[in-house]
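Visitor: Sequential numbering of the sequence shown, starting at 244, is according to full-length UniProt numbering.
Glycine is no exception: its CB is placed at the ideal position from the N, C-alpha and C atoms.
One structure, as structure tokens, below. Some questions next.
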Amino acid sequence: GKGNYNHFMQKEIFEQPAVIGDTLHAFINPATRTIKLPEMPFSFDDVSRLTIVACGTSFYAGMVAKHWIERYAGLGVDVDIASEFRYRRPPLPKGGVALFISQSGETLDTLAALRYAKSKGQKIVSIVNVAESTIARESDAVLLTYAGPEIGVASTKAFTTQLTVLACLAVTIGRDNGTLSKDEEAAIVNALTELPKHAAEVLHHDDAIRELAINIADARDVLYIGRGLGYPIAMEGALKLKEISYIHAEGYAAGEMKHGPIALIDQSVPIIVIAPSDELFEKTASNMQEAAARGGRVIFLSDAQGLAKLGDIASATVELPKVADFVAPILYTIPVQMLAYHVAVHKGTDVDQPRNLAKSVTVE
Ligand code: M6R
């Protein structure tokens with residue numbers, strides 16, 4: 244049941260500190276501060292390139308993973324939407340590994356992509372939330388997310404636990420191939436271990452985000468921008484808003500604004516800026532300033548340091564704890580989920596069962 248919550252989605256958002264913790268617990272040895280994934284019947288050391296395929300929110304998890312695995316494990320990653328991948332029938336490297344991400348483990352396009360990759364001799368790894376699912380059964384190795392059943396059509400805790408598993412995978416690949424030192428692994432493990440606590444802190448902003456949502460509920464279009472690890476989170480934020488509030492929203496790489504989307508900006512367009520104070524902060528901040536200068540209503544998600552620098556040009560801010568760059572995308576997901584949730588509640592839409600959507604897309 245929903246317990247004390249009004250919707251499953253709300254309950255699932257609030258479960259995130261616990262289920263991220265459960266997922267970490269399965270893969271991290273707290274004594275040695277090291278990550279231990281289940282044995283896999285092949286080694287990533289022999290792999291020259293990794294292919295990741297998924298749909299929807301799970302695809303955005305794949306985008307984050309591409310960034311992590313390339314940056315922290317030095318392994319090139321191709322990431323694709325299953326419905327594109329399966330019909331393009333791309334050539335795949337001999338002895339390659341393909342990774343499929345799916346909450347349900349039943350998404351038809353993802354399954355078809357898996358079968359294609361298998362027919363091309365790829366080793367198949369999947370990250371699923373349902374251990375007995377078809378995708379899990381047809382994989383050579385399965386990494387589980389410990390999100391528990393996700394009922395709301397809009398994916399929330401499945402996404403942040405997928406990211407948690409993918410973070411552990413990226414660190415494992417990087418450690419095993421020598422890209423990541425013991426100290427770097429320990430630092431990331433520390434940051435991951437603190438995530439449940441930080442996620443709980445973000446949930447404390449619920450009332451403030453509910454207030455903020457009132458000013459977005461009347462918008463026709465909403466833009467989400469971010470760079471690097473913040474870019475997929477911008478996409479995810481926009482998808483959440485579209486799905487449950489029916490407001491048109493787009494996520495963009497902040498650097499793309501001047502290549503087109505900035506033309507959309509006027510006083511009526513809220514721009515959600517995802518900008519932890521990392522190495523790309525100044526770049527994203529200048530895109531934010533450009534948007535503000537054109538009258539856009541900027542909602543700025545950052546940490547104390549970022550807000551101290553530029554908080555005053557925003558029409559609203561959400562302050563997140565300062566965390567290691569690596570884990571920031573997991574944390575910054577939570578306020579964009581909450582924002583979409585409160586906008587939808589304010590508009591009175593069916594949050595858990597949005598129109599035209601199914602929880603598990605088992606048809607094309
Ligand atoms: O079960 P899956 O992870 O394979 O589902 C993929 C998408 O259908 C799913 O993430 C969808 O985009 C959600 N409704 C997003 O909130």
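Beta-carbon within less than 8 Å of V320's beta-carbon, same chain only, minus the 5 sequence neighbours each way: which residues are those?
Guide: Answer for V320: R292, L293, T294, I295, A308, K309, I312 and E313, listed in chain order.
Visitor: Could you check the C-alpha separation between A477 and Q405 for me, to the nearest Å?
Guide: Distance between the alpha carbons of A477 and Q405 is about 17 Å.
Visitor: Give every residue whose Cβ lies closer than 5 Å to any heavy atom of the ligand M6R, listed in chain order.
Guide: The filter returns C298, G299, T300, S301, S345, Q346, S347, T350, A397, S398 and V604, in chain order.
Visitor: Would you call the CB atoms of residue 197 and E393 closer than 9 Å?
Guide: Because the chain here runs from 244 to 607, residue 197 falls outside it and cannot be looked at.
Visitor: Going by the CB atoms, is the gap between G480 and I515 shorter than 9 Å?
Guide: Going by C-beta atoms, I515 is nearer than 9 Å to G480.
Visitor: DSSP beta-bridge partners for N458?
Guide: Paired residues: none, contrary to the question.
Visitor: Sort out for me which residues DSSP pairs N272 with in a bridge.
Guide: T277.
Visitor: Which residue comes first and which comes last in the beta strand (DSSP E) that contains D321?
Guide: Here the beta strand (DSSP E) through D321 covers G319 to I324.
Visitor: What do you reckon, are the CB atoms on A534 and L466 nearer than 9 Å?
Guide: Cβ distance < 9 Å, so A534 and L466 count as in contact.
Visitor: Within this structure, are the beta carbons of I271 and V432 separated by less than 9 Å?
Guide: Yes, they are a contact pair.
Visitor: Based on Cα-Cα distance, which residue from E427, Y584 and A442 lies nearest to Y575?
Guide: Checked all of E427, Y584 and A442; the closest Cα to Y575 is A442.
Visitor: Determine, using beta-carbon pairs with one atom in the segment 316-334 and one in the segment 378-388, whether at least three such pairs fall under 8 Å.
Guide: Taking 8 Å as the limit for Cβ pairs, the verdict is that the segment 378-388 does not touch the segment 316-334.
Visitor: Measure the C-alpha to C-alpha separation of R540 and L455 and round it to an integer number of angstroms.
Guide: Roughly 11 Å separates the two Cα atoms.
Visitor: Report back the beta-carbon spacing between K400 and Q259 to the nearest angstrom; my notes put them in contact at under 8 Å.
Guide: Contact flag correct, Cβ pair sits at about 5 Å.
Visitor: Report the CB separation of F543 from A571 in whole angstroms; it is logged as a contact under 8 Å.
Guide: At roughly 15 Å, the Cβ-Cβ gap does not stay under 8 Å, so F543 and A571 are not in contact.
Visitor: Flag this pair as yes or no: are the beta carbons of E428 and T266 separated by less than 9 Å?
Guide: Result no, Cβ atoms of E428 and T266 do not sit closer than 9 Å.
Visitor: Do you know how far the Cα of M500 is from the Cα of L553?
Guide: Approximately 19 Å, taken between the alpha carbons.
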